[in-house]
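> Handing you a structure now.
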Amino acid sequence: MSFKNLEEAKRVVSYYSIARKVALRVDKSDSVRVRYKCIVGCPFVCLISEVKKGKGFEIKTLQTKHICPEAFNNRRATQQALEHYFKKKVQNDPKCKVNEMRKIVDDNFKLNISYSKMKRVKRLVLEKLDGSYVDDFNKLEGYAQELRDNNPGTDALKNGWRAGLRPFIGLDGTFLKGKFKGILLVALGQDSMKHFYPLAWAVMDRETIRTWKWFIELMRNSLGLADGEGLTLMSDMQKGLNGAVGDLLPKSQHRWCARHIEANWSRSWSGVQMKKMFWWSAWSTYEEEFNDQLKSMGSVSKQAAKDLLWYPPQHWAKPIIKMLEDIRIKVMKRLKQLEEEGKRWTEEYCPYSMDMYYDFRMIAQGCQVVANES
Numbered sequence: 001m002s003f004k005n006l007e008e009a010k011r012v013v014s015y016y017s018i019a020r021k022v023a024l025r026v027d028k029s030d031s032v033r034v035r036y037k038c039i040v041g042c043p044f045v046c047l048i049s050e051v052k053k054g055k056g057f058e059i060k061t062l063q064t065k066h067i068c069p070e071a072f073n074n075r076r077a078t079q080q081a082l083e084h085y086f087k088k089k090v091q092n093d094p095k096c097k098v099n100e101m102r103k104i105v106d107d108n109f110k111l112n113i114s115y116s117k118m119k120r121v122k123r124l125v126l127e128k129l130d131g132s133y134v135d136d137f138n139k140l141e142g143y144a145q146e147l148r149d150n151n152p153g154t155d156a157l158k159n160g161w162r163a164g165l166r167p168f169i170g171l172d173g174t175f176l177k178g179k180f181k182g183i184l185l186v187a188l189g190q191d192s193m194k195h196f197y198p199l200a201w202a203v204m205d206r207e208t209i210r211t212w213k214w215f216i217e218l219m220r221n222s223l224g225l226a227d228g229e230g231l232t233l234m235s236d237m238q239k240g241l242n243g244a245v246g247d248l249l250p251k252s253q254h255r256w257c258a259r260h261i262e263a264n265w266s267r268s269w270s271g272v273q274m275k276k277m278f279w280w281s282a283w284s285t286y287e288e289e290f291n292d293q294l295k296s297m298g299s300v301s302k303q304a305a306k307d308l309l310w311y312p313p314q315h316w317a318k319p320i321i322k323m324l325e326d327i328r329i330k331v332m333k334r335l336k337q338l339e340e341e342g343k344r345w346t347e348e349y350c351p352y353s354m355d356m357y358y359d360f361r362m363i364a365q366g367c368q369v370v371a372n373e374s
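Position one of the sequence shown corresponds to residue 1 (the UniProt record's numbering), numbered consecutively onward.
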């Protein structure tokens, strides 16, 4: 086994000592070699020395046999070794408890690590992670430039949306968790199979009219949306979004997601009957039908109908670099998956459209033409 430097060799030996539950000690150490032995009477020995000047280090002597008992207090369980061991756990769960970390090493390695030592280990991990997060933010422009250099002229997402998707875009924002919090803004289309079609996403410091304007303006220019004529947008009632859409896409139809409206409205008006009445109202296709459904709701509860009208009917609609790279890869995989599904279509049009066609053809067989007597 070879190592880049002596520090790496010492770290690996520490991991071995912890995993094997043996109390190794340094017998001799200088700038070009290190020798480990076990307790008195145990035959274990490991000598690591420099191969050639500047060529790395390797194990020269190794006797792996142990006749010693398991060690419950191991000097090789240094803060640095434990820090490396817990790096991924603390990164995934920065709020993990120190006592939980102590229990992990006790269960896995039979080590009794003091509370104060494990607390220092966690602090070391967090400090290094903070540094890596900051470094990632500083590398964002380089990451973006790397994508431009290696993917010149790749406009597959927007070209696909223009070529074959309905003029519909869903907008949403979600909170990000972790050390550096923020908001992930997303724009999605929908294909003929009712699959989500990702168009754009961006990480912002907060959700305001300023950030939504920045996001929508870039999306508008990229997709060539002009003033938004013929376009339908759907969203929750996000902060600043209404103003941004009104300013940048004034001729678009901006609708609110009925599911979000129901979630808010049903906090006061729950129950199966109220839910049915809500959706009958939401599915109304013309004003008279909507008013009739509202009257039906009012006959059960006038206050429920009044609260529903707080949401203007004309607006109703029928969680850093690694994260950004993960999103990019997931989008690529999703598009590839949908492409493979499309290759399995047996007819010229998508299965969902054909199912609708056959359903409506069956319904049409029972329809009759009624002449206008006037």
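Backbone N, C-alpha and C fix where the C-beta goes; we use that ideal spot for every residue, glycine too.
1) Who does Q190 pair with in a DSSP beta bridge?
2) For L324, which option in L176, R259, M297 has the closest C-alpha, if you only look at C-alpha atoms?
3) Can you list, in chain order, the residues of its chain with a C-beta nearer than 6 angstroms to that of L62? Leave out the 5 residues immediately preceding and following it.
4) Consult DSSP for L62 and reduce its assignment to one of helix, strand or coil.
5) Taking Q145 as part of the beta strand (DSSP E), name the residues at either end of that continuous run.
6) Cutting at 7 angstroms between CB atoms, please list the residues of its own chain near E207, excluding the five before and the five after it.
7) Quick check on DSSP: helix, strand or coil for S29?
8) Measuring CA to CA, which of L147, K87, F109 is closest to K128?
9) Any idea what DSSP makes of K362, helix, strand or coil?
10) Between which residues of its own chain and A304 is the CB-CB distance below 7 angstroms, once the five residues before and five after are set aside?
11) Just the C-alpha distance for V51 and L147, rounded to the nearest angstrom, thanks.
12) Closest by CA to R25, which one among H254, N74, E58, A371?
13) Could you tell me if Q368 is buried or exposed, where buried requires 16 or more neighbouring beta carbons within 10 angstroms of its beta carbon?
14) Report the option in Q190, D326, A200 whose CA atom is closest to the CA atom of L338.
15) Count the other C-beta atoms from every protein chain shown that fall within 10 angstroms of the C-beta of G366, then say buried if there are 16 or more, exposed otherwise.
16) Quick check for students: name the residue ranges of the alpha helix (DSSP H) that lie wholly in the UniProt domain "MULE transposase" (169-263), counting only runs of 4 or more.
17) Taking 8 angstroms as the threshold, find out whether the stretch 32-48 comes into contact with the stretch 103-115 through three or more Cβ pairs.
18) State the DSSP-derived secondary structure class of E50, mapped to helix, strand or coil.
19) When DSSP labels each residue in this structure, what does R20 get in the three-state scheme?
On the basis of the data shown:
1) Partner(s): F196.
2) L176
3) C46
4) strand
5) Where Q145 is concerned, there is no enclosing beta strand (DSSP E), although the alpha helix (DSSP H) it sits in stretches over 140-150.
6) G173, I183, Q238, K239, G240
7) strand
8) K87
9) According to the sequence as given, residue 362 is Met; it is not Lys. The DSSP-derived three-state label of M362 is helix.
10) W269, M274, M297
11) 41 angstroms
12) N74
13) exposed
14) Q190
15) exposed
16) 209-223, 241-248
17) no
18) strand
19) helix
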